[in-house]
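S.K.: In our numbering, each residue's number is its place in the sequence shown (first place is 1) plus 107.
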Amino acid sequence: MSAESEQAERLILLAQRLMDAIQADIEALRTGNPQGMRSLDPEVQKLLLMYGREVQAVDTARSKSLPTELKKRLVGATGKFREMLGLQQRLLTRMRNASEGIVKAVADEVQRQRAPTVTYAPAQAAGRYRQTSVPMIFNGVV
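Following this line, the structure appears as structure tokens:
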């Protein structure tokens, strides 16, 4: 087996392992349990680094000499990997938007409740009411 074939096999194997982790992430997000995401595991982070190094080391000129069957498997694995990454990203974006919306709604309600009641006082008395502070929202990662 040539070095290029071995590298392609390693890429396919790494992509499969990463797809398993991403699939677990997708299931965790769909069930509303973002703490159960496997991609936060240090082992998966190492796999991602290894995959990145392997992809950068690919020589496209030499990879053209790969057997047709191996090329098809590599293209299929990377295509499915990209598709799953896209789905994971969409789910993460939805979760982030929902949680930020909830935080904003709570902050708006707190501000509304802290606001002074409006009275029918003369215009001179209107300056005596002090403005309430606006709550600060921190953008956190889900």
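A virtual CB, placed ideally from N, CA and C, is assigned to each residue, including glycine.
Using the C-alpha atoms, what's the distance from residue 218 back to residue 127?
M.R.: Here residue 127 refers to the residue found at position 20 when the sequence shown is read from its first residue. Here residue 218 refers to the residue found at position 111 when the sequence shown is read from its first residue. So the alpha carbons of these two residues sit roughly 44 Å apart.
S.K.: Do you know offhand how far residue 138's Cα is from residue 182's?
M.R.: Here residue 138 corresponds to residue number 31 of the sequence shown, with the count starting at 1. Here residue 182 corresponds to residue number 75 of the sequence shown, with the count starting at 1. So the alpha carbons of these two residues sit roughly 31 Å apart.
S.K.: Does residue 187 come out as helix, strand or coil in the three-state DSSP assignment?
M.R.: Start at 1 with the first residue of the sequence shown, and residue 187 comes out as number 80. Helix.
S.K.: If we call anything under 8 Å between Cβ atoms a contact, is residue 161 one with residue 125?
M.R.: As a position in the sequence shown, residue 161 is number 54, starting the count at 1. As a position in the sequence shown, residue 125 is number 18, starting the count at 1. No, Cβ-Cβ distance for residue 161 and residue 125 is not below 8 Å.
S.K.: For residue 154, which residues from the same chain have a beta carbon less than 7 Å from its beta carbon, with the 5 sequence-adjacent residues on both sides left out?
M.R.: Within the sequence shown, the letter at position 47 stands for residue 154. Taken in chain order, the residues that qualify are 121, 124 and 125.
S.K.: Any idea what DSSP makes of residue 167, helix, strand or coil?
M.R.: Sequence index remark: in the sequence shown, residue 167 carries index 60 (1-based). Helix.
S.K.: Please look up how many angstroms separate the CB atoms of residue 115 and residue 192, rounded, as I've assumed it's under 8 Å.
M.R.: As a first step, residue 115 is located in the sequence shown; it is residue number 8 there, counting from the start. As a first step, residue 192 is located in the sequence shown; it is residue number 85 there, counting from the start. In fact, because the Cβ distance is near 20 Å, the residues do not count as touching under 8 Å.
S.K.: Using the Cα positions of residue 111 and residue 159, report the straight-line distance between them to the nearest angstrom.
M.R.: Along the sequence shown, one-based indexing puts residue 111 at 4. Along the sequence shown, one-based indexing puts residue 159 at 52. Approximately 16 Å between the Cα atoms of the pair.
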